[in-house]
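Chains as they are written, first to last, in this note's numbering: chain D, 18 to 239; chain S, 67 to 333. All C-beta atoms, glycine included, are put in the ideal place defined by N, C-alpha and C. Have a look at the structure below before the remarks.
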Amino acid sequence: MIRVEDVYKRYQTDHGPGKWVLQGVSFVIPPKVSVGLIGGNGAGKSTLLRLIGGIDQPSRGRIERRCRVSWPMGFGGGLQGSLTGRQNAKFVCRIHGHEEDIAEKIHSIETFAELGDAFDEPIKTYSSGMRSRLQFGLSLAFEFDVYISDEATSTGDAAFRKKASTAFKQLIDSASIIMAAHSESTLKEFCTAGIWLHKGTAQWFDNVQDALSAYKASLPKR
Amino acid sequence: MTKHYSYQNPRGHWAIAFMVWKALFLREAVTRISRKRAAWAWLLFDPVIHVVFMIVMFTAIRMREVGGMDMQAWLIFGLMAFSMFSQSSNQCKNAISANTALFTYRQVKPVDTVLVRAALEGLLVIVITLILVGGSLLFGTDIIPEDPLRCLAGFFGLWLMGLGYGLITSVAINMIPESGKVLDMITAPLYMVSGVIFPLGQIPPPYQDWLLYNPLAHGVETVRAGVSGFYHHFPNLDLAYLYQCALFAVFLGLALHRRFEAKLIAQ
Chain D
18 MIRVEDVYKR
28 YQTDHGPGKW
38 VLQGVSFVIP
48 PKVSVGLIGG
58 NGAGKSTLLR
68 LIGGIDQPSR
78 GRIERRCRVS
88 WPMGFGGGLQ
98 GSLTGRQNAK
108 FVCRIHGHEE
118 DIAEKIHSIE
128 TFAELGDAFD
138 EPIKTYSSGM
148 RSRLQFGLSL
158 AFEFDVYISD
168 EATSTGDAAF
178 RKKASTAFKQ
188 LIDSASIIMA
198 AHSESTLKEF
208 CTAGIWLHKG
218 TAQWFDNVQD
228 ALSAYKASLP
238 KR
Chain S
67 MTKHYSYQNP
77 RGHWAIAFMV
87 WKALFLREAV
97 TRISRKRAAW
107 AWLLFDPVIH
117 VVFMIVMFTA
127 IRMREVGGMD
137 MQAWLIFGLM
147 AFSMFSQSSN
157 QCKNAISANT
167 ALFTYRQVKP
177 VDTVLVRAAL
187 EGLLVIVITL
197 ILVGGSLLFG
207 TDIIPEDPLR
217 CLAGFFGLWL
227 MGLGYGLITS
237 VAINMIPESG
247 KVLDMITAPL
257 YMVSGVIFPL
267 GQIPPPYQDW
277 LLYNPLAHGV
287 ETVRAGVSGF
297 YHHFPNLDLA
307 YLYQCALFAV
317 FLGLALHRRF
327 EAKLIAQ
């Protein structure tokens, strides 16, 4: 279970404190419920995911994580460009305490990511799709109760997205996902519930379809 | 205060920290050795060329001995002792900005990257010193320390000072980027005033006392005193002073890291 209580967040800019990105966001994500974050660009989706993932602290309010939460996948975070995919994978295995079965883990990451020879090339030569394949492979190699994806699926091709979705359906009894995505089909494929971020506040919907409708209704009509 | 950790990892805090340090250490070592073309060779060549250049200069001005100690030993240990401080503090300075991508993983803290870099640099300087001593032996100059423990005490003190200074500057540079330039200006003359390439013992009294406020000078001179029992180090040599300064710097650095951890990660 993840409890977000009255969370406010703003960033420090070069000219003093910036505008509030999140203003009084509260919700509870029950165990084993996959949630899609919906909102326009700059609505605070990535910020909220970083806060839930524990990388950043809220300016006010509190976040409670009563489960194992993955790091947020997406946009090459957590990968060092000068090192190869394999070296990065080894690092992640080590910091998660898998020193003994490292060979096994690396193998499972390698087969999931399907990068071929590129697995031994530096990350900086990767395309964004290849990065997200690796990131998905990395986080699926470890047991988490909640996986966080920040647009990690959007750059992958159709085959990869299908694979990721099947992998998640196999986990569905034990794990869930919190994801930000713009693609409606992706959200429907992975998530049951939805959170609509609008003007710094968050609204919970038990059905992701309702959240999408609310988001669309808020868009200016022409 | 915001309470963040409600889920307790069964691995335990120290176990996690050790795993992170080990992983970071291996990763830093790989990048340090294979980053550029033949980076491992430059790691060795850089100090060797420096030392050889200085030895040639001293030979040219016909200085065979400094303060009753063989000139080669005086230079090699002086330079390596000082690089114990300068190398580790320099690498630590940029540890955080070089590893920002890794703070995506909650268990990796900014302070871990600094500690690991200092450890790696200290190890490298020790290895290079041993190679230089071995090299001198091959050329027929015996510079094996007479009191190795005293040598190590000096080296360790300088390393600790480098770590402390690195911890402080790593935070300062990330919080106030301009501070990097100011700190560079302060550290640039340290090489000259620490008695690395000229003996502080030969400086006349009022000025010598001023230079002895620099804790690094005490470390460099202690290492030399450990190499040769006949070495005339400057008066009032005080290794404890170096350790006091170093421990204070480490404490201040760790405190700064603890205070600004969230901001360092958030960038």
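Bridge pairing for K26 of chain D: D:L39 [DSSP]. Secondary structure of Y232 of chain D (DSSP, three-state): helix. Judged by their CB atoms, V289 of chain S and V262 of chain S are not nearer to each other than the 8 Å cut-off.
Counting only runs of 3+ residues, no beta strand (DSSP E) is found wholly inside the stretch 155–200 of chain S. Annotated three-state conformation of A197 of chain D is strand, per DSSP.
Residues of the stretch 178–196 of chain S with a C-beta less than 9 Å from any C-beta of chain D: none at all. For K159 of chain S, the number of other beta carbons within 10 angstroms of its own is at least 16, and it is reported as buried.
F264 of chain S does not reach chain D, its nearest Cβ partner there being about 40 Å away, counting only Cβ pairs nearer than 9 Å. Checking the DSSP bridge columns, you'll see F222 of chain D partnered with D:G211. Here the alpha carbons of S155 of chain S and G232 of chain S stand approximately 4 Å from one another.
Contact annotation: G70 of chain D and W88 of chain D have beta-carbon atoms nearer than 8 Å. For R67 of chain D, the enclosing alpha helix (DSSP H) begins and ends at 62–69. The stretch 42–60 of chain D makes contact with the stretch 193–202 of chain D: 3 or more CB pairs, one atom from each, lie closer than 8 Å. Below the 7 Å Cβ cutoff, chain S contributes M85, K88, A89 as neighbours of R111 of chain D, in chain order. With contacts defined by Cβ atoms closer than 8 Å, L224 of chain S and M150 of chain S form a contacting pair. Taking 7 Å as the upper bound on Cβ-Cβ separation, chain D lies near residues A167, L168, F169, T170, Y171, R172, Q173, V174 of the stretch 152–174 of chain S.
Where G53 of chain D is concerned, the enclosing beta strand (DSSP E) starts and stops at 52–55. In this structure, the straight-line span from the alpha carbon of V293 of chain S to that of L186 of chain S is close to 24 Å.
For P271 of chain S, the enclosing alpha helix (DSSP H) covers residues 271–277. By the beta-carbon neighbour count (other beta carbons within 10 angstroms, threshold 16), A107 of chain S is exposed.
Counting of Cβ neighbours within 10 angstroms places I209 of chain S among the buried residues, the total reaching 16 or more. Looking from the CA of K186 of chain D, the closest CA among D:N224, D:T209, D:E138, D:N105 belongs to D:T209. Ranking D:L204, D:I165, D:D190 by CA distance to the CA of K179 of chain D puts D:L204 first. With a cutoff of 8 Å on beta-carbon distance, F300 of chain S and L266 of chain S are scored as near each other. Taking a beta-carbon distance threshold of 8 Å, W88 of chain D counts as an interface residue toward chain S.
Remark: three or more beta-carbon pairs, one from each stretch, lie closer than 8 Å, so the stretch 313–333 of chain S and the stretch 71–80 of chain D are flagged as touching. In the DSSP assignment, D136 of chain S forms a beta bridge with S:E131. Residue state for P34 of chain D is assigned as strand, using DSSP reduced to three classes.
For Y164 of chain D, DSSP records a beta bridge to D:I194. With fewer than 16 other beta carbons inside 10 angstroms of its own, V122 of chain S counts as exposed.
For V96 of chain S, the C-beta contacts it makes with chain D under 9 Å involve L100, Q104, in order along the chain. Residue pairing for F44 of chain D: DSSP places it in a beta bridge opposite D:V21.
For R77 of chain S, no alpha helix (DSSP H) segment is defined, and its DSSP state is neither H nor E. Contact of D73 of chain D with chain S is assigned, a C-beta pair being separated by under 8 Å.
When C-beta atoms of the stretch 90–102 of chain S are compared with those of the stretch 93–111 of chain D, three or more pairs fall below 8 Å, so the two segments count as touching. Counting C-beta pairs with one atom in each stretch, the stretch 148–158 of chain D and the stretch 168–184 of chain D have three or more that are closer than 8 Å, which means they touch.
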